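J.: Numbering (our numbering), first residue to last: 49 to 345.
Structure below.
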């Protein structure tokens with residue numbers, strides 16, 4: 049069996065399952081995807097529940113998402129998780145749940161008989177992760193979301209507004225990618241102060257250092273030679289710093305923050321909580337959280 053599958057492997061059950069004892073019925077799709085820890089926690093939950101299915105990694109290139117979903121449904125997949133960079137592209141290929149539409153991205157797909165449905169568990173999973181890691185509620189923080197133009201960033205930004213964060217700094221390389229998000233959030237959540245900034249904005253350091261919680265939702269930090277997504281001037285020692293990346297477990301941003309004495313956490317807790325919520329979309333009434341948590345340890 050492969051550690052990573054591709055679109056070509058979805059051509060038939062023979063190619064996909066090979067010598068496997070159980071059929072692949074669930075997956076995580078992304079590009080790249082080899083680093084994903086989703087299989088270990090979802091497979092543990094499937095095995096504990098006695099469900100005869102495998103959960104696999106699928107490396108799907110941008111532009112291939114629609115084709116991948118059609119092939120998966122034809123092969124009778126139950127569903128899939130969706131990660132970087134497909135959380136926006138996938139919305140055009142499914143019936144998006146209103147909650148996911150509000151969050152602006154889809155990270156969970158369920159293949160029903162009548163249609164393909166899209167959900168988002170990133171937002172609520174993130175809120176639970178912050179409570180677990182820092183023993184504070186998300187609503188009590190002023191927050192800076194770094195890389196807010198991507199799918200995870202949009203979902204987390206919207207979740208912040210949903211729970212009542214009073215000030216939200218949205219940082220992205222280009223402000224054009226923030227325009228639609230900011231317009232939508234301002235119309236829906238007039239009581240949240242929204243501040244869009246680019247990385248070269250003169251106010252970046254002052255605004256970020258003034259926040260209680262900094263969250264990296266970009267992919268900067270995945271590669272070993274990546275720099276910190278933020279300079280040291282954006283941090284202060286009393287902050288909470290969260291990186292949605294969990295591999296490597298200590299990104300350059302977290303290393304910088306730890307050096308200043310900040311409380312830090314990586315995305316493994318968000319992976320856990322959003323994954324448990326996704327599993328419940330596929331198997332209503334299930335409670336996989338503790339099994340998944342043990343599998344990720």
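Ideal Cβ placement from N, Cα and C applies to all residues, glycine included.
Predicted model only: the values in this text are computed from it and were never measured.
Could you check the C-alpha separation between residue 312 and residue 306 for me, to the nearest Å?
T.: For the purposes of this step, residue 312 is taken as the residue at position 264 of the chain shown. For the purposes of this step, residue 306 is taken as the residue at position 258 of the chain shown. Their Cα atoms are separated by approximately 7 angstroms.
J.: Check this for me: beta carbons of residue 182 and residue 219, under 8 angstroms apart or not?
T.: Against the chain shown, residue 182 aligns to sequence position 134. Against the chain shown, residue 219 aligns to sequence position 171. Not a contact, by the Cβ cut-off of 8 angstroms.
J.: Assign residue 231 to one of two classes, buried (16 or more other C-beta atoms within 10 Å of its C-beta) or exposed (fewer than that).
T.: Position 183 of the chain shown, counted from the first residue, corresponds to residue 231. Classification of residue 231: exposed, given that the 10 Å Cβ count is below 16.
J.: Label residue 234 either buried or exposed according to how many other C-beta atoms from any shown protein chain fall within 10 Å of its C-beta, with 16 as the threshold for buried.
T.: Here residue 234 refers to the residue found at position 186 of the chain shown. Exposed, since its Cβ has fewer than 16 Cβ neighbours within 10 Å.
J.: Considering only the beta carbon of each residue, do residue 126 and residue 105 sit closer than 8 angstroms?
T.: Here residue 126 refers to the residue found at position 78 of the chain shown. Here residue 105 refers to the residue found at position 57 of the chain shown. Not a contact, by the Cβ cut-off of 8 angstroms.
J.: Which value, in whole angstroms, describes the spacing of the CA atoms of residue 113 and residue 138?
T.: Walking along the chain shown from the start, residue 113 turns up at place 65. Walking along the chain shown from the start, residue 138 turns up at place 90. Taking the straight line from one Cα to the other gives about 6 angstroms.
J.: Counting Cβ pairs, one atom from each stretch, are 3 or more of them under 8 angstroms apart for the region 202 to 217 and the region 147 to 158?
T.: The answer is yes - the region 147 to 158 touches the region 202 to 217, with three or more Cβ pairs under 8 angstroms.
J.: For residue 61, which option in 204, 124, 224 has the closest C-alpha, if you only look at C-alpha atoms?
T.: In the chain shown, the residue the question calls residue 61 occupies position 13. The shortest C-alpha separation from residue 61 is found at 124.
J.: What are the boundary residues of the beta strand (DSSP E) that includes residue 312?
T.: Your numbering for residue 312 matches position 264 in the chain shown. For residue 312, the enclosing beta strand (DSSP E) starts and ends at 311 to 314.
J.: How is the alpha helix (DSSP H) around residue 209 delimited, first residue to last?
T.: Taking the first residue of the chain shown as position 1, residue 209 is located at position 161. Unbroken alpha helix (DSSP H) run through residue 209: 199 to 211.
J.: Beta-carbon within less than 6 angstroms of residue 267's beta-carbon, same chain only, minus the 5 sequence neighbours each way: which residues are those?
T.: Residue mapping note: residue 267 aligns to position 219 of the chain shown, counting from 1. Excluding sequence positions up to five before and after residue 267, its CB lies within less than 6 angstroms of the CB of 132, all in the same chain and listed in chain order.
J.: What's the C-alpha gap between residue 320 and residue 290?
T.: Residue mapping note: residue 320 aligns to position 272 of the chain shown, counting from 1. Residue mapping note: residue 290 aligns to position 242 of the chain shown, counting from 1. Approximately 15 angstroms between the Cα atoms of the pair.
J.: Which partner residues does residue 215 have in the DSSP bridge list?
T.: In the chain shown, residue 215 corresponds to position 167, counting from 1. Residue 215 pairs with 241.
J.: On the DSSP letters alone, give me the boundaries of the beta strand (DSSP E) that residue 159 sits inside.
T.: Your numbering for residue 159 matches position 111 in the chain shown. Residues 156 to 159.
J.: Could you name the residues of the same chain whose beta carbon sits closer than 8 angstroms to that of residue 164, not counting the 5 residues immediately before and after it, in chain order?
T.: Reading the chain shown from its first residue, position 116 is the one you call residue 164. For residue 164, where only same-chain residues beyond five positions count, the Cβ hits under 8 angstroms are 117, 121, 141, 142, 143, 157, 158.
J.: Within 10 angstroms of the Cβ of residue 228, are there 16 or more other Cβ atoms? Answer buried if so, exposed if not.
T.: Position 180 of the chain shown, counted from the first residue, corresponds to residue 228. Answer is exposed; the Cβ neighbour count stays below 16.
J.: Let's test the definition: count the other Cβ atoms within 10 Å of the Cβ of residue 282 and tell me whether it reaches 16, buried, or not, exposed.
T.: Along the chain shown, one-based indexing puts residue 282 at 234. With 16 or more Cβ atoms within 10 Å of its Cβ, residue 282 is classed as buried.
J.: Examine the Cβ distances between the region 90 to 106 and the region 65 to 77 and report whether three or more of them are shorter than 8 angstroms.
T.: yes
J.: Secondary structure at residue 178, three-state DSSP: helix, strand or coil?
T.: On the chain shown, position 130 is the one that residue 178 refers to. The answer is helix: DSSP assigns residue 178 an H, G or I state.
J.: Just the C-alpha distance for residue 175 and residue 186, rounded to the nearest angstrom, thanks.
T.: Along the chain shown, one-based indexing puts residue 175 at 127. Along the chain shown, one-based indexing puts residue 186 at 138. Each residue's Cα considered, the two are about 6 angstroms apart.
J.: Could you check which residue in 337, 257, 178, 338 has the C-alpha nearest to that of residue 314?
T.: Along the chain shown, one-based indexing puts residue 314 at 266. For residue 314, the nearest C-alpha among the options comes from 178.
J.: For a quick check, are the C-beta atoms of residue 184 and residue 154 less than 8 angstroms apart?
T.: If you number the chain shown from 1, residue 184 lands on position 136. If you number the chain shown from 1, residue 154 lands on position 106. Against a cut-off of 8 angstroms, the Cβ pair of residue 154 and residue 184 comes out as no contact.
J.: Taking only runs of the alpha helix (DSSP H) that begin and end inside the region 240 to 291, which ones reach a length of at least 4 residues, in chain order?
T.: 252 to 257
J.: Confirm, please, whether the CB-CB distance from residue 90 to residue 295 is below 8 angstroms.
T.: Reading the chain shown from its first residue, position 247 is the one you call residue 295. Reading the chain shown from its first residue, position 42 is the one you call residue 90. No, Cβ-Cβ distance for residue 295 and residue 90 is not below 8 angstroms.
J.: Quick check on the burial criterion: 16 or more other C-beta atoms within 10 angstroms. Buried or exposed for residue 170?
T.: Counting from 1 along the chain shown, the entry for residue 170 is found at position 122. Taking all protein chains in view, the Cβ of residue 170 is crowded by 16 or more other Cβ atoms within 10 Å, so the residue is classified as buried.
J.: Whose CA, out of 304, 119, 316, lies closest to the CA of residue 85?
T.: Working through the chain shown from its first residue, we reach residue 85 at position 37. Nearest C-alpha to residue 85: 316.
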